[in-house]
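Going by the working numbering, the final residue of the sequence shown carries number 153, and the count climbs one at a time with no gaps. The structure appears below as structure tokens.
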Amino acid sequence: MKQFKGRVIVPGTCTAEALVSRGGFNTLASYQGPMLTGDKQVKCGDQNNPDLYKKSMIGKALCLPMTIGSTTGGMVLYTVCALGKQPACMLFSMPIDSLAASGAILGDVWTEAKMPVVDMLGDEFLEYAQTGMTITVKEDGVVEVG
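Written out as structure tokens, the structure is:
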């Protein structure tokens, strides 16, 4: 097991299975299809992200470098939280962008969803984490990968 320390954006704790992407996470492209079609497993709809495409994101520890794409990203994250379809947590090797951060924070404040978000975990975090590993997020921004 290895530990990484990041910056807490949305506080909380969780333990979940890792779903890792080495490429940027396009929030709109990833969630638009599953949300419009009522996909109960919320499988990633972004065909340009082979690491995540057609894999269920609900309840997973999403391990990502950064978000990319549309200015709707924050609203998409908020909506996913409002519908109870959020990942267990979102973990970023790089700094989170302000739009994604705002959506995650609104999801925390305005909904019952719990989705801890930690950024600035570093490149080593994303190199070490593999899909299927167990991720534990602690309140202080420590992320255990094992």
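From the three backbone atoms N, C-alpha and C, an ideal C-beta is built for every residue, glycine too.
Identity of the residues DSSP links to residue i by a beta bridge
| i | result |
| --- | --- |
| alanine 68 | Ala25, Cys96 |
| aspartate 126 | Arg14 |
| serine 63 | Lys50 |
| isoleucine 75 | Asn33 |
Inter-residue Cα distance where the pair is residue i and residue j
| i | j | result |
| --- | --- | --- |
| lysine 121 | leucine 69 | 14 Å |
| proline 57 | threonine 86 | 24 Å |
| threonine 141 | threonine 78 | 31 Å |
| proline 18 | methionine 101 | 17 Å |
| glutamate 24 | lysine 67 | 5 Å |
| aspartate 53 | serine 37 | 5 Å |
| isoleucine 16 | glutamate 146 | 11 Å |
| threonine 138 | threonine 34 | 19 Å |
Nearest to residue i (by Cα), restricted to the options the options
| i | options | result |
| --- | --- | --- |
| threonine 74 | Arg14, Phe32, Cys21 | Phe32 |
| arginine 14 | Ala23, Val125, Glu134 | Val125 |
| proline 94 | Gln54, Leu106, Asp115, Asp104 | Asp115 |
| serine 109 | Phe99, Val83, Leu133 | Val83 |
| leucine 71 | Thr22, Ile103, Lys92 | Ile103 |
Cβ distance (whole Å) where residue i is taken to contact residue j below 8 Å
| i | j | result |
| --- | --- | --- |
| tyrosine 135 | lysine 9 | 6 Å |
| alanine 111 | methionine 97 | 7 Å |
| leucine 90 | lysine 62 | Actually they are not in contact, since the Cβ atoms of leucine 90 and lysine 62 sit about 19 Å apart, beyond 8 Å. |
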